[in-house]
Amino acid sequence: MSEEGPVESKKQAGSGSPLQGVWNHEVPAGEVPGDRNTRGKASTNRKHVHRSAIRQRKERDRNRRRNEIVRAATRVFLSRGYLDATMEDIALEAGMSKITIYRYFGSKDSLCYAVLVPVVDALTEHVEAIEKNLLAEKYSGGADLIRDFLDREHRAYRDSPDSFRLIQFFQQSGLVWNLTEELGASLNEKGKHNFRVARRIFQLAVEQGLFKPGDVQVMHDVFYGAHLGIIQISEIKSHRTGVRSEQEAAEAQLLNRLNMLEEMFIQAWVAQ
């Protein structure tokens, strides 16, 4: 037997080419085919979920910090006045550095806009929903429309009372035009849009026979002014002491006044 024989025999009995196991998809003993791919995909998915969770947490932190800045700015604007308030005042109130405040809001004007616009947008959502309901003839009578309108207006105040107060102050004092031209014009246009929709609501109510015929512009002005007046006089009388029992009593009195206003509107406007 030649010396070549045993060598050839070993090659035939062994793995042959070093790549033969790859081409034949040989799997180590005890391992199920595809296990490596499955584990690899699972690991990739876990990494993706982990990165996604980190991004979501960071986004929540950013939103939380932004909301804290907006709330602090609202308090400062109400206590010091918009013109006298500074970004440093807001930073102190928020417990953050002025650099952090500027990282979220590039100017005092943009921060003020962030304070005001959510309430304006909420009012927009409310009046547009009422108009949509009217067009679909969903109100069984004028009384239902008045109750829904007052409830939605009051909800905007109840959800963000400080921002609501600040909006009224800006409107009454003309401070909206102290903002940059772009921001001031944006807020002004949003307000005009809400008034246009509200007056269309009164016009539709008259056309559908829900309200008695009348000057819809005057009707809306009376409706809007009466609601604001009740809120303002309720706040003056309550003095906002911070005592829970007194706050609850003040809220109850406010609701009683709104209920009386509701009945007055129904008697004056609703077609019988």
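Counting from 1, position 158 in the sequence shown corresponds to residue 166 in the working numbering; the numbering is continuous, with no gaps. The beta carbon of each residue, even a glycine, is placed where N, CA and C say it ideally should be.
Sequence-distant residues of the same chain with beta carbon closer than 7 Å to residue i, five excluded per side
| i | result |
| --- | --- |
| Val135 | Asn202, Val205, Ala206 and Ile209 |
| Ile241 | none |
| Lys220 | Trp277 and Ala279 |
| Gln184 | In the sequence on display, residue 184 carries Val and not Gln. Cβ within range, chain order: Phe178, Gly192, Leu195 and Asn196. |
| Asn32 | No answer about Asn32 holds up, because its pLDDT of 49 lies below 50 and its placement is not dependable. |
Own chain residues within Cβ distance below 6 Å of residue i, not counting five before or after
| i | result |
| --- | --- |
| Lys106 | Met95, Glu96 and Ala99 |
| Ala235 | It is His, not Ala, that sits at residue 235 in the sequence shown. Once the five neighbours on either side are set aside, the close Cβ partners of His235 are Glu161. |
| Leu218 | Gly150 and Leu153 |
Simplified DSSP assignment, three categories, for residue i
| i | result |
| --- | --- |
| Phe219 | strand |
| Trp31 | For Trp31, the pLDDT reaches just 41, beneath the cut-off of 50, and the residue's location in the model is therefore unreliable, leaving the point undetermined. |
Exposure of residue i, with buried meaning 16 or more beta-carbon neighbours within 10 Å
| i | result |
| --- | --- |
| Ala276 | exposed |
| Ile77 | buried |
| His56 | exposed |
| Glu254 | exposed |
| Ile109 | buried |
| Glu101 | buried |
| Ala257 | exposed |
| Leu187 | buried |
| Ala213 | buried |
| Ala260 | exposed |
| Ala137 | exposed |
| Leu119 | buried |
| Leu262 | buried |
Distance between residue j and residue i (C-alpha atoms, nearest Å)
| i | j | result |
| --- | --- | --- |
| Ile175 | Arg83 | 13 Å |
| Asp69 | Asp167 | 22 Å |
| Arg111 | Met227 | 45 Å |
| Ala80 | Leu91 | 16 Å |
| Gly288 | Arg265 | In the structure displayed, the chain extends from 9 to 280; residue 288 sits before or after that span and is not available. |
| Gly192 | Asp117 | 9 Å |
| Ser87 | Val224 | 37 Å |
| Arg54 | Glu67 | 20 Å |
| Gly182 | Phe85 | 15 Å |
| Leu142 | Met104 | 47 Å |
| Tyr232 | Ala93 | 30 Å |
| Asn75 | Ala122 | 10 Å |
| Val284 | Gln211 | Since the first and last residues shown for the chain are 9 and 280, residue 284 lies out of range. |
| Glu139 | His58 | 45 Å |
| Pro126 | Gly222 | 32 Å |
| Gly114 | Glu215 | 48 Å |
Close-in-space but distant-in-sequence residues of the same chain around residue i (CB under 8 Å, 5 per side omitted)
| i | result |
| --- | --- |
| Leu124 | Ser171, Leu174, Ile175, Phe178 and Leu195 |
| Ile274 | Gly150, Ala151 and Ile154 |
| Gln73 | The sequence given here has Arg at residue 73, not Gln. Counting only Cβ-Cβ distances below 8 Å, and skipping sequence neighbours, we find Met104, Thr108 and Tyr112. |
| Tyr165 | Phe172 and Ile239 |
For the 8 Å Cβ check, are there 3 or more pairs between the region 125-136 and the region 195-207?
Segments in contact, yes.
Under 8 Å: do the region 183-196 and the region 235-249 share three or more Cβ pairs, one atom per stretch? Flag = no, the region 183-196 and the region 235-249 do not touch.
Is it a yes or a no for the region 55-69 touching the region 142-151, going by three-plus beta-carbon pairs under 8 Å? Taking a contact to require three or more Cβ pairs closer than 8 Å, the region 55-69 and the region 142-151 do not qualify as touching.
Would you call the region 261-276 in contact with the region 150-162, where contact means no fewer than 3 C-beta pairs closer than 8 Å? Taking 8 Å as the limit for Cβ pairs, the verdict is that the region 150-162 does touch the region 261-276.
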